[in-house]
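Note sheet for the following structure.
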Amino acid sequence: MQGTTGMKRSVFLLVGGVFVSLMCILGPAILGDIHRVSFSDFVLFAFLFGLAGFVPRVVRRKVFFGSANTWHQAFSFETIFQSAPLVYPTDSFEDFETAFIHRETGIDDCRTSAWQFLRYTIRVLSPLVMLAVLGLLVASPAFSVVATLVVAGGLLYQLRVFGLRFDYSIRRYLTGVFLGCLAYIAEGMVLASALQAYIPQVPLWQGFSLFMLLSIAMRSSIVPFGFGVLELAFLAFAALASMNIGVETVHAYRIVVSAPLLLAGLFYLPRYKLSIFDLDHPSLVSQMRRVWMPGHRPSVGADGVTLSIVIPAYNECERLPVFLPLALEYCAQLPYGSEIIVSDDGSTDATVEYVSVLQKSYPALRLLKSTMNMGKGAAVKRGVLASRGAYILFADADGATPIQEVDRLVEALKQGWEIAIASRRLSTSNVDRTRYRGLLGSLFYRITNLLAVPGVADTQCGFKLFTRNSAQRLFEMIEESGWAFDVELLFLAQKYGMSVTEVPVSWKAVDGSKVHPVYDALRMLVSLSRIRRRWAGIPVESGVNYSMITHCLWDGQLTSLGGESAESDPLRSLLGSRIANVQVLSDSDAQKDMHKHIHGSGAVRELEPQLRK
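Sequential numbering from 610 applies to the sequence shown in this note's numbering.
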């Protein structure tokens, strides 16, 4: 459920603002007071304006956070937090930015609070700095000196407050202030120079004054994109200053400021598992900070099985006889229970017959048959959901990654990670493949990183290990049945806050791959677009976190959502009578059954108004 009230308010303000804008346009249009600019000149101006303002702001973010932010993160974060106030100007995004930065980079709230203080300093000082520059443009040194002294005094005061509040680099703070003010000055000079070049009778100081007016009006507007507000402010200012500039300048300014940021924001929001509507969601910050609880519980296998190995197979009668015996031999030497599930994907060769014969000698080997070819993702999903292990691995049938490498992944999960994926791109990985395949893999990584899964070097290596909780949760949701299912898994894992680590492995290319470099690459791009469209948005389950409720019932002891005793908890009193016959939860299958029982009983829905709090 989105923030309906906030959306209605924004739409109402937007419609009203557009109406005022149209009224302001009609007058000059009827009188013929419109200066026409060629499209190429406008594009050049827009490019220079964006370069002058956006680059210093990106550098400011990168300098302030240092190595904790990559350049790409600095760029993408800046687009999101510059575009958000344009769409929802009445909302405050400070808490959201703090939660967002912490989720994506791990930067603590103390440093992001220092960042917000820097932003506040720039908002206060930038009008005074622009007044100082304006004094120079109108040849009034005294005015410029006074404004500069006021800026210096304000900066010294802010610097003292910053030093008392935050244990952070003063040098980074001052550099950030300088770059933030420089961005406004540079934008103002580009706009003033463009106006003077096209309308010679407009002096430079008038163009710079217009920029000051429009930038302040845009920041203080309560209407999306400043519709109506900018026009009214411009008409009032133009009348007082007798400016020979048409109102179309305001529309050009709005397009130059808003359009690139909005397009970039719409592009980057799905990358970070958000949508444009999330920005006005009433529980946006709490959802950003929420941790998916069941994944943090120890995984317990069923029937004494600790490790399940799922091998998808489609016409693998040549490669599977090489890899499968090695996997069976490896499992036979393990000190704990294990199983291997070959998930057939409608093979038309002797794959099913080969596995069926092998089953007679290996009780731990299971075969899942399919009458039709559904895709690798569907085969893996079917095998994972049928598995019983506390740890669930899916491995490609070609054996490109030796089965012994699973030891490294298991060790990572024992250290607390929820998902461990083999990576061929880490510096310590031992990879043997052709240069052509390496270039294709590098290109695909960059595209996937840009569009969907930031921070994961190798999304496509067919050797991934999950805790049972995370595997059950993710594979129940995925819908991609083809090669893109890996990306969808990791996209959802990042969305729900699951911890993912990459582990270097040995890997050697094996002949017989069914991946077509060009055709499958195009299909993958389509799938990436589909994944972004399908899953972008904060994870909200009708306002109630049913997984959290199930987690509270773990070990057969009902606790409150806050973790305290729940003897007087209304949840206990309501659910207690309904689930009195449910036994102690001993594994994740029982946890899943409990989840369904609670959800289906209707008890939670009766408590939704309280749980939403």
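Idealized CB from N, CA, C, for every residue including glycine.
Does DSSP classify Ser-701 as helix, strand or coil?
Along the sequence shown, one-based indexing puts residue 701 at 92. It is coil, neither helix nor strand.
Can you grab the Cα-Cα spacing for the pair His-1204 / Ile-825, in whole Å?
Stepping through the sequence shown from its first residue, residue 1204 is reached at position 595. Stepping through the sequence shown from its first residue, residue 825 is reached at position 216. Because His-1204 carries a pLDDT of 45, less than 50, the predicted location of this residue cannot be relied on, and no value is offered for it.
Hey, Gly-553 and Ser-735 are a contact pair by Cβ (cut 8 Å); roughly how many whole angstroms apart?
Residue 553 lies beyond the residue range present for the chain, which begins at 610 and ends at 1222; the question has no answer from this structure.
Once DSSP output is grouped into helix, strand and coil, what is the label at Ser-884?
On the sequence shown, position 275 is the one that residue 884 refers to. Correct three-state label for Ser-884: coil.
Report the residue ranges of all beta strand (DSSP E) runs contained in full by the segment 971–1056; include only those spanning at least 3 residues, in chain order.
The qualifying runs are 974–977, 1000–1004, 1028–1032, 1039–1041.
Does DSSP classify Val-838 as helix, strand or coil?
Taking the first residue of the sequence shown as 1, we reach residue 838 at position 229. The answer is helix: DSSP assigns Val-838 an H, G or I state.
Boundaries (first-last residue) of the beta strand (DSSP E) holding Phe-775
Here residue 775 refers to the residue found at position 166 of the sequence shown. Phe-775 -> no beta strand (DSSP E), and no H or E assigned at all.
With distances taken Cα to Cα, identify the nearest neighbour of Ser-1032 among Glu-1089, Ala-973, Glu-1111, Thr-721.
What you label residue 1032 is simply residue 423 of the sequence shown in a count that begins at 1. Restricting attention to Glu-1089, Ala-973, Glu-1111, Thr-721, the CA atom closest to the CA of Ser-1032 is found in Glu-1111.
Check whether the segment 859–867 touches the segment 722–731, taking contact to mean three or more Cβ pairs, one atom from each stretch, closer than 8 Å.
The segment 859–867 vs the segment 722–731: no contact.
How would you call Gln-942, buried or exposed, if buried means at least 16 neighbouring beta carbons within 10 angstroms?
Within the sequence shown, numbered from 1, the residue matching residue 942 stands at position 333. Result: exposed.
Neighbour-count burial assignment, Ile-1012, 16 or more Cβ in a 10 Å radius
Here residue 1012 is taken as the residue at index 403 of the sequence shown, counted from 1. So Ile-1012 ends up on the buried side.
Determine the extent of the beta strand (DSSP E) in which Leu-653 is found, giving its start and end residues.
Position 44 of the sequence shown holds residue 653. Note, Leu-653: premise wrong, no beta strand (DSSP E); alpha helix (DSSP H) at 648–674.
Same chain only: Cβ atoms within 6 Å of Glu-706, ignoring 5 sequence neighbours per side
Here residue 706 refers to the residue found at position 97 when the sequence shown is read from its first residue. Non-local C-beta neighbours of Glu-706 in its own chain, meaning closer than 6 Å and more than five positions away in sequence, comprise Phe-690, ordered along the chain.
Endpoints, the alpha helix (DSSP H) within which Lys-1073 is located
Working through the sequence shown from its first residue, we reach residue 1073 at position 464. Unbroken run through Lys-1073 is the beta strand (DSSP E), 1072–1076; no alpha helix (DSSP H).
For Ala-922 and Ser-952, believed in contact at Cβ under 8 Å, the rounded distance
In the sequence shown, the residue the question calls residue 952 occupies position 343. In the sequence shown, the residue the question calls residue 922 occupies position 313. Yes, Ser-952 and Ala-922 are in contact; Cβ-Cβ is about 7 Å, under 8 Å.
Considering only residues of the same chain and omitting the five flanking positions on each side of Arg-666, which have a CB-CB separation below 8 Å?
For the purposes of this step, residue 666 is taken as the residue at position 57 of the sequence shown. For Arg-666, where only same-chain residues beyond five positions count, the Cβ hits under 8 Å are Glu-687, Gln-691, Leu-788, Gly-789, Ala-792.
Give the DSSP-derived three-state secondary structure of Ile-950 in the structure shown.
Numbered from its first residue, the sequence shown carries residue 950 at position 341. When secondary structure is reduced to three states using DSSP, Ile-950 falls in the strand class.
What's the call for Pro-879, buried or exposed, on a 16-neighbour Cβ count within 10 Å?
The residue given as residue 879 occupies position 270 in the sequence shown. In summary, Pro-879 is buried, with 16 or more beta-carbon neighbours lying within 10 Å of its beta-carbon over all protein chains present.
Give me the residue from Gly-946, Pro-944, Val-964, Val-914 with the minimum Cα distance to Val-931.
Position 322 of the sequence shown, counting from 1, holds the residue named residue 931. Here the closest residue by C-alpha is Val-964.
4-residue-minimum alpha helix (DSSP H) runs that sit fully inside the segment 718–752, ordered along the chain
Those alpha helix (DSSP H) runs which fall completely within the segment 718–752 and span 4+ residues are 718–746.
Quick check on DSSP: helix, strand or coil for Glu-687?
Walking along the sequence shown from the start, residue 687 turns up at place 78. Correct three-state label for Glu-687: helix.
For Leu-916, the residue or residues it bridges with in DSSP
Numbered from 1 along the sequence shown, position 307 holds the residue referred to as residue 916. Its beta-bridge partners are Ser-947, Tyr-1000.
Return helix, strand or coil for Pro-921, following the three-state DSSP convention.
Stepping through the sequence shown from its first residue, residue 921 is reached at position 312. Assigned with DSSP and collapsed to three states, Pro-921 falls in strand.
For the segment 963–981 and the segment 1057–1075, state whether three or more C-beta atom pairs, one from each stretch, are separated by less than 8 Å.
Touching, no, given that fewer than three Cβ pairs across the two stretches are closer than 8 Å.
Contact belief for Val-1114 with Glu-1014 at Cβ below 8 Å, rounded distance in angstroms
The residue labelled residue 1114 in the question sits at position 505 within the sequence shown. The residue labelled residue 1014 in the question sits at position 405 within the sequence shown. Going by Cβ atoms, the distance from Val-1114 to Glu-1014 rounds to 4 Å, so yes, they are a contact pair.
Just checking my contact of Ala-1061 with Ile-1140 at CB under 8 Å: how many whole Å lie between their CB atoms?
Against the sequence shown, residue 1061 aligns to sequence position 452. Against the sequence shown, residue 1140 aligns to sequence position 531. Contact holds; Cβ gap of about 6 Å.
Could you check if Asp-889 is buried or exposed, using at least 16 other CB atoms within 10 Å of its CB as the buried criterion?
By 1-based counting over the sequence shown, the position of residue 889 is 280. With 16 or more Cβ atoms within 10 Å of its Cβ, Asp-889 is classed as buried.
Could I get the ranges of all uninterrupted alpha helix (DSSP H) runs contained in the segment 800–853, with 4 residues as the minimum, in chain order?
Listed in chain order, the complete alpha helix (DSSP H) runs (minimum 4 residues) inside the segment 800–853 are 813–829, 838–850.
Validate contact between the segment 770–782 and the segment 754–761 using beta carbons, cut 8 Å, 3 pairs:
No: fewer than three Cβ pairs fall under 8 Å.
Comparing alpha-carbon positions, which option in Ser-895, Gly-955, Asn-1058 lies nearest Ala-987?
The residue given as residue 987 occupies position 378 in the sequence shown. Looking at the Cα atoms, Gly-955 is the closest of the given residues.
Does the segment 1093–1108 come within contact of the segment 1021–1031, defined as at least 3 CB pairs closer than 8 Å?
In this structure the segment 1093–1108 touches the segment 1021–1031; the number of beta carbon pairs closer than 8 Å is three or more.
Per the DSSP calculation, Val-1112 is bridged to which residue(s)?
Here residue 1112 refers to the residue found at position 503 of the sequence shown. Here Val-1112 is bridged, per DSSP, to Ala-1031.
Alpha carbon to alpha carbon, how far is Leu-974 from Leu-1099?
Taking the sequence shown and counting its residues from 1, the one referred to as residue 974 is at position 365. Taking the sequence shown and counting its residues from 1, the one referred to as residue 1099 is at position 490. Leu-974 and Leu-1099: Cα-Cα distance of roughly 28 Å.
Gln-1081, buried or exposed, once every other Cβ within 10 Å from all chains shown has been counted against 16
As a working mapping, residue 1081 is identified with position 472 in the sequence shown. By the 10 Å Cβ count, Gln-1081 comes out buried.
Let me know the secondary structure DSSP gives Ala-1093 once reduced to three states.
Your numbering for residue 1093 matches position 484 in the sequence shown. Residue state, collapsed to three classes: coil.
Three-state class that DSSP yields for Ser-965 in the structure shown:
Taking the sequence shown and counting its residues from 1, the one referred to as residue 965 is at position 356. Correct three-state label for Ser-965: helix.
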